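**Q** Residue numbers (this note's numbering), protein chains in the order written: chain A, 16 to 280; chain B, 16 to 280.
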C-alpha cells in the first residue's frame with residue numbers, strides 16, 4: 016500500500032494512492048489500519064504534503080562506507096542517531112527554497128526513511144522489523160558553509176523547506192534487498208546511484224539500540240543517511256528515487272532578501 | 016493565567032489552574048484563547064503532563080556568562096539553537112529515570128522555557144515578544160559521560176524522562192525582570208541560584224534570528240539554557256523554581272536492567 020498526505024481545499028488529509036487516484040481517508044493509516052474512505056482525487060491534481068509529521072524526527076549521519084571514507088571520518092562503532100526539525104519538512108513537488116544569504120555548497124543528500132508503526136522500547140531485532148510501518152524517501156538538503164561555521168545544524172540542515180519527504184509511504188518495499196537502488200538526479204541527469212542497503216548499521220540495528228534508552232512512537236521517522244551528495248542551484252529540479260518506494264521530486268528556487276530584516280542584535 | 020495539561024481517566028486534557036482547582040478545557044488554550052470548560056479536578060489530585068508537546072523542541076546551549084566561563088567555552092557571537100526530542104518530555108511530579116548503565120555525572124540543568132503562541136517568520140523583536148504565549152520551567156537532565164563519548168546528544172540528553180517540563184505555562188510572568196530568579200534545589204537544599212534574565216541573548220533575540228531561516232509555530236518551545244548544574248542520585252527529589260512561574264519537582268529513580276536485552280549487534 017502507498018499512503019500519502021495531500022492538501023484538499025486547504026485541509027491536510029491522509030490518502031491511499033491507487034494508480035491514478037488517491038482515496039481520501041478519515042484518519043491516519045498508522046493509527047487505524049482500516050480507515051474510512053471519504054472521497055477521492057486524481058493523483059495528477061494532488062498537492063503533496065510530507066506523508067507523516069513525526070513526534071520525533073531522527074536522522075543518521077555517517078552510515079555508508081563510501082561516504083565515511085570520503086569524509087575521512089571514523090566508521091561508527093555503534094548506531095547513534097541525531098535529529099532534524101519538523102519545520103523543515105516539505106512535500107513532493109514543493110520548492111526547496113535556497114536562502115538569499117547562503118554561501119558555499121548547497122547540496123542534496125538522498126536518503127531512505129523508515130516510518131515507525133508501533134511503540135518500541137527494549138525492542139529485539141525482530142520486533143524492530145515488525146515495528147516499521149513503511150518506507151519513504153528523504154532529501155537531507157544541506158548548506159555546507161553553515162554546517163561548518165555554526166555550533167549546531169539549525170540552519171545548515173533545518174531551514175524551512177530543507178527536508179523534502181515523500182511522495183508517500185510504501186508499506187510493501189524491501190529497501191535492504193540487493194536489487195534496491197537509491198538514485199539522485201538533477202534535471203534528469205543521474206548524479207549518484209548506490210545500493211540502498213549498503214549501510215554500516217541497518218534501520219533495525221538503529222531501532223534496537225535507540226529503544227534501549229528511548230521510546231519510539233508510531234509516526235516517528237528515521238532518516239538513514241546518504242552515500243553520495245550533489246550540488247543544487249536555483250532553477251534545478253532534484254529527484255531522489257528508491258526502487259520499489261517512489262521518486263521524490265522538488266524544484267529549487269532562490270529566496271529574495273526580506274527588506275524589513277534589520278541587522279543582527 | 017496558568018495553563019497545564021493533566022491526565023484524567025487516562026485522557027490528556029488541557030486545564031486552567033485556578034488556585035486549588037484545575038478547570039478542564041475542551042482544547043488547547045494556545046490555539047483557542049477562550050476554550051470551553053468541560054469540568055474540573057482538584058489540583059492536589061492532578062497527574063501533570065508536559066504543558067505542551069511541541070512541533071519542534073528548540074534548546075539553547077551556552078547562554079549564561081558564568082556557565083560559559085566554567086565550560087571554558089567561547090561566548091556565542093550569535094543566537095544559535097539546538098534541539099531536544101519529545102520522547103524525553105515528562106511532567107511535574109513524574110520520575111526522572113536514571114538508566115541502569117549510565118556512567119559519570121548525572122546532572123540537572125535548570126532552565127527557563129518560552130512557549131510560542133503565534134507563527135513567527137522574519138519577526139522583529141517586538142513581534143517576537145508578542146509571539147511568546149507564556150513561560151514554563153524545564154530541567155535539561157544530562158548524562159555527562161555519554162555527552163562526551165557519543166557523536167550526538169541522543170541518549171546523553173534525550174533518553175526517556177530526561178526532559179521534565181512544567182508544572183504549567185504562566186502567561187503573565189516577566190522572566191527578564193531583574194527580580195526573577197532561577198533556583199535549583201535537591202531534597203530541599205538550594206544547590207544553585209541565579210538571575211534568570213542574565214543571558215547572553217534573550218529569548219526574543221533567539222526568535223528574531225531563528226525566524227530569519229525558519230518558521231516558528233504555536234506550541235513550539237525554546238529552552239533557554241542554564242547557568243549552573245548539580246548532580247542527581249536515585250532517591251533525590253529535584254526542584255527547579257523560577258519566580259512568578261512555578262516550581263517543577265521530580266523524583267529521581269534508578270532503572271533496573273532489562274533482562275531480555277541482548278548485546279549490541
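Yeah, the Cβ is synthetic: ideal placement off N, Cα and C, and Gly gets one too.
A quick note: this is a predicted structure, and the numbers were derived from the prediction, not measured.
1. Please list, in chain order, the residues of the region 227 to 253 of chain A that have any C-beta partner in chain B closer than 9 angstroms.
2. Below 8 angstroms, can you find three or more Cβ-Cβ pairs linking the region 82 to 96 of chain A to the region 164 to 181 of chain A?
3. Where residue 259 of chain A and residue 152 of chain A are concerned, what is the direct C-alpha to C-alpha distance, given to the nearest angstrom?
4. Taking the alpha-carbon of residue 187 of chain A as reference, which of A:176, A:149, A:25 has the nearest alpha-carbon?
5. Count the other CB atoms, across all protein chains shown, that sit within 10 Å of the CB of residue 327 of chain A; report buried if there are 16 or more and exposed otherwise.
6. Roughly how many angstroms lie between the CA atoms of residue 161 of chain B and residue 141 of chain A, to the nearest whole one?
7. Fully enclosed by the region 96 to 153 of chain A, which alpha helix (DSSP H) runs are 4 residues long or longer?
8. Quick check on residue 192 of chain B: buried or exposed, where buried means 16 or more other Cβ atoms within 10 Å of its Cβ?
9. Of the choices A:195, A:215, A:203, A:32, whose alpha-carbon is the least far from that of residue 209 of chain A?
10. Can you give me, in chain order, the residues of the region 170 to 182 of chain A that have a beta carbon less than 8 angstroms from any beta carbon in chain B?
11. Using a beta-carbon distance below 8 angstroms, is residue 167 of chain B in contact with chain A?
12. Is the Cβ of residue 107 of chain A closer than 8 angstroms to any Cβ of chain B?
13. What is the residue span of the alpha helix (DSSP H) that residue 71 of chain B lies within?
14. Should residue 155 of chain A be labelled buried (16 or more other beta-carbon atoms within 10 Å of its own) or exposed?
15. Between residue 70 of chain B and the rest of its own chain, which residues show a CB-CB distance below 7 angstroms, the 5 nearest in sequence each way excluded?
16. Taking Cβ positions only, does residue 96 of chain A come closer than 8 angstroms to chain B?
17. Who are the neighbours of residue 273 of chain B on chain A, taking C-beta pairs under 7 angstroms?
18. Measuring CB to CB, does residue 41 of chain B end up less than 8 angstroms from residue 30 of chain B?
19. Alpha carbons only, please: which of A:123, A:242, A:269 is nearest the one belonging to residue 83 of chain A?
20. Would you kindly check if the distance between the Cβ of residue 267 of chain B and the Cβ of residue 255 of chain B is under 8 angstroms?
21. What do you reckon, are the CB atoms on residue 73 of chain A and residue 240 of chain A nearer than 8 angstroms?
22. 8 angstroms is my cut-off, CB to CB: does residue 91 of chain B come that close to chain A?
23. Would you say residue 114 of chain B faces chain A, with C-beta separation under 8 angstroms as the test?
24. Do residue 223 of chain A and residue 91 of chain A have their beta-carbon atoms positioned less than 8 angstroms apart in this structure?
25. Which partner residues of residue 185 of chain B appear in the DSSP bridge assignment?
26. By the 7 angstroms beta-carbon criterion, what residues does the region 49 to 73 of chain A contribute toward chain B?
27. Nearest to residue 197 of chain A by CA position, among A:257, A:270, A:157, is which residue?
28. How big is the Cα-Cα spacing for residue 32 of chain A and residue 130 of chain A?
29. Please confirm whether residue 147 of chain A and residue 104 of chain A have their CB atoms less than 8 angstroms apart.
30. Cα separation between residue 212 of chain A and residue 125 of chain A?
31. Starting from residue 86 of chain B, find everything on chain E with Cβ-Cβ shorter than 9 angstroms and list it in chain order.
32. Round the Cβ separation of residue 102 of chain B and residue 229 of chain A to the nearest angstrom and send it over; I've been treating them as touching at under 8 angstroms.
33. Considering only the beta carbon of each residue, do residue 183 of chain A and residue 261 of chain A sit closer than 8 angstroms?
34. Rank A:76, A:89, A:123, A:39 by C-alpha distance to the C-alpha of residue 180 of chain A and give the top, closest one.
35. With distances taken between CB atoms, is the gap from residue 128 of chain A to residue 238 of chain A smaller than 8 angstroms?
36. Nearest by alpha-carbon distance to residue 190 of chain A: which of A:226, A:144, A:172, A:203 is it?
**A** Based on what the coordinates show:
1. 227, 228, 229, 230, 231, 232, 235
2. no
3. Approximately 11 angstroms between the Cα atoms of the pair.
4. A:149
5. Because chain A spans 16 through 280 in this model, residue 327 of chain A falls outside it and cannot be assessed.
6. Each residue's alpha carbon lies about 27 angstroms from the other.
7. Unbroken alpha helix (DSSP H) stretches of 4 residues or longer found wholly inside the region 96 to 153 of chain A: 140 to 146, given in chain order.
8. Exposed, by the Cβ-count rule.
9. A:195
10. The residues in question are 170, 173, 174, 175.
11. Contact with chain A is found for residue 167 of chain B, since one of that chain's Cβ atoms lies less than 8 angstroms from the residue's Cβ.
12. no
13. No alpha helix (DSSP H) contains residue 71 of chain B, which DSSP labels as neither H nor E.
14. buried
15. 232, 234, 235
16. yes
17. Those are 137, listed as they occur along chain A.
18. no
19. For the residues A:123, A:242, A:269, the minimum Cα distance to residue 83 of chain A belongs to A:242.
20. No, the pair does not count as a contact, with Cβ atoms beyond the cut-off.
21. Contact flag unset, no.
22. yes
23. It does; some Cβ of chain A falls within 8 angstroms.
24. For residue 91 of chain A and residue 223 of chain A, no; Cβs fall outside 8 angstroms.
25. B:17, B:150
26. 70, 71
27. A:257
28. Whole-angstrom Cα-Cα distance: 17 angstroms.
29. no
30. 13 angstroms
31. No chain E is part of this structure, whose protein chains are labelled A and B.
32. 5 angstroms
33. yes
34. A:123
35. yes
36. A:144
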